[in-house]
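**Q** Sharing a structure here in structure tokens format.
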Amino acid sequence: NQLNNLNFSGGPGALPESVLLKVQQSILEVPEVGLSVLGISHRSDWFAAVVAELEGNIRKLLGLPDNYHVLFLQGGATQQFSMIPMTLLRGKTTPADYLHTGYWSGKALAEAEREGPVRVIWSGESGGFKDLPGDDELAYSPDAPYLHYISNETVEGLQFHRVLGRDDVPRVCDMSSDFLSQPCTAERYSLIYAHAQKNIGPAGVTVVLVRDELLEDAPTDLPGFLDYRSHIKAHSIFNTPPVFAIYVVLLITRWLLDEIGGLTRMAEINRRKADLLYSQLDNSDGFYRGRAKTKDRSLMNVTFNLADTDTEKRFLAEAQAAGFSGLAGHRSTGGVRASLYNGLTLAAAEQLVGFMEDFRRKQT
Ligand code: PMP
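Residue numbering for the sequence shown is 2 to 365, as defined by UniProt numbering.
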């Protein structure tokens, strides 16, 4: 299964082999049910138990307090870009605070502007999104309905290594590309959202953790499907949910708890992978040029350039031929991006670093 093991894609990304083997079995037959997971009713007792166990596992992994709801929604992180301002910004005159730190936060902010007033409190656009703001560059509004930011900008490879904002303004955070890759003080946020297809499963399901009181003043005329309260009431079975995707996320949380041993351990492994890659960049005498400023580098997405686009093309072609998949940078930035999500093994990161070392020696 070498191709999967060397899957450095920005997402959907690598999933652990032990989970894939269980998924393979479940396509034929979920042992305790005797049916394929693709054909089990979302109204079955089995699926209700899947949702309940998954919710419990996420609570356990994050130490999530009882005043949070755990939801499994559709529409990807993109739907959250709209659902959040529809819920929290419609009809408001005071702007929400948004950070513009890269490609995806730009998308989030454009959707929020359709719903209500937005204030961009920091933008990295003129600097080409190569770094993130320090605390002294951020003047938060004390009366904003909420603060929105992205913990890890997947395209640029930038990650906040701290919690932003003020304790008296609800924090809303897109954790799509670093959710469950490390411990997180979830109770400091009012709403966290993350699609599954990076660290915790396939595309099709988005996890939302929302503090109960955040929804108290939400408009009452939202479409049912776009109202968090419908999904809370229906325990994430408001309509037919993506049973398969949710089941795979359950298997990943079991893997995190039972095989990895929790998020602290997961974070250690993820850090070792990132350290391997970044020391390869840092010790290459400028052959590999890291895109992000050192202090803001992402542990999930290592982005870099080579001397020119020809050398980059050759690097990507040779890497592909050697079995490494998904290394081309996002279409908006070009360059190279090695994504090191939970499912990518340390051995795979070591192999990539070995390849990079050989490639560099051959060129210099
Ligand atoms: N937010 C982030 C941080 C992302 O990386 C992405 C996609 N890679 C999105 C949002 C959009 O997600 P989706 O395709 O699930 O709508």
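Cβ coordinates follow ideal geometry from the N, Cα and C atoms, glycine included. From a predicted model like this one, the values you see are computed outputs, not experimental measurements.
At which residue ranges does the stretch 51-106 contain complete beta strand (DSSP E) runs of 3 or more residues, listed in the order of the chain?
**A** Correct list: 69-74 and 97-101.
**Q** Hey, would you say the C-beta of residue 201 is under 7 Å away from at least one heavy atom of the ligand PMP?
**A** Looking up residue 201 in the sequence shown gives position 200. No - the ligand PMP has no heavy atom lying nearer than 7 Å to the Cβ of residue 201.
**Q** With a threshold of 7 Å (Cβ to nearest heavy atom), would residue 177 be considered close to the ligand PMP?
**A** As a position in the sequence shown, residue 177 is number 176, starting the count at 1. Yes, Cβ of residue 177 sits closer than 7 Å to a heavy atom of the ligand PMP.
**Q** Just how far apart, CA to CA, sit residue 335 and residue 292?
**A** For the purposes of this step, residue 335 is taken as the residue at position 334 of the sequence shown. For the purposes of this step, residue 292 is taken as the residue at position 291 of the sequence shown. Residue 335 and residue 292 have their C-alpha atoms some 11 Å from each other.
**Q** Report the three-state DSSP secondary structure of residue 209 (helix, strand or coil).
**A** Within the sequence shown, the letter at position 208 stands for residue 209. Taken through DSSP and simplified to helix, strand or coil, residue 209 comes out as strand.
**Q** Please classify residue 162: is it buried, with 16 or more other beta-carbons within 10 angstroms of its beta-carbon, or exposed?
**A** As a working mapping, residue 162 is identified with position 161 in the sequence shown. Flag for residue 162 reads exposed.
**Q** Would you mind giving the Cβ-Cβ distance between residue 252 and residue 24, rounded to the nearest angstrom? I have them listed as a contact below 8 Å.
**A** Against the sequence shown, residue 252 aligns to sequence position 251. Against the sequence shown, residue 24 aligns to sequence position 23. Indeed, because the Cβ distance is near 7 Å, the residues count as touching under 8 Å.
**Q** For residue 2, count neighbouring Cβ atoms within 10 angstroms of its own Cβ and tell me buried if that reaches 16, exposed if not.
**A** The residue labelled residue 2 in the question sits at position 1 within the sequence shown. Bear in mind that the predicted position of residue 2 carries a pLDDT of just 45, short of 50, making it unreliable; the figure below should be weighed with that in mind. In the assembly as shown, residue 2 is an exposed residue. Its beta-carbon has fewer than 16 other beta-carbons within 10 Å.
**Q** Under 8 Å between the Cβ atoms of residue 32 and residue 256?
**A** Taking the sequence shown and counting its residues from 1, the one referred to as residue 32 is at position 31. Taking the sequence shown and counting its residues from 1, the one referred to as residue 256 is at position 255. Not closer than 8 Å, so no.
**Q** Note down, in chain order, each residue of its chain lying with its Cβ closer than 6 Å to the Cβ of residue 225, except the 5 sequence neighbours on either side.
**A** On the sequence shown, residue 225 is found 224 positions in, with the first residue counted as 1. Excluding sequence neighbours, residue 225 sits near 231.
**Q** With a floor of 3 residues, list each beta strand (DSSP E) that falls wholly inside the stretch 156-204, ordered by position along the chain.
**A** 172-175 and 192-196
**Q** Would you say the beta carbon of residue 12 is closer than 7 Å to some non-hydrogen atom of the ligand PMP?
**A** What you label residue 12 is simply residue 11 of the sequence shown in a count that begins at 1. Yes, the Cβ of residue 12 comes within 7 Å of a heavy atom of the ligand PMP.
**Q** Is residue 72 near residue 178, with beta carbons less than 8 Å apart?
**A** Translated into positions along the sequence shown, residue 72 becomes position 71. Translated into positions along the sequence shown, residue 178 becomes position 177. Taking 8 Å as the Cβ cut-off, residue 72 and residue 178 do not qualify as a contacting pair.
**Q** Going by DSSP, what residues sit across from residue 150 in a beta bridge?
**A** In the sequence shown, counting from the first residue as 1, residue 150 sits at position 149. Per DSSP, 174.
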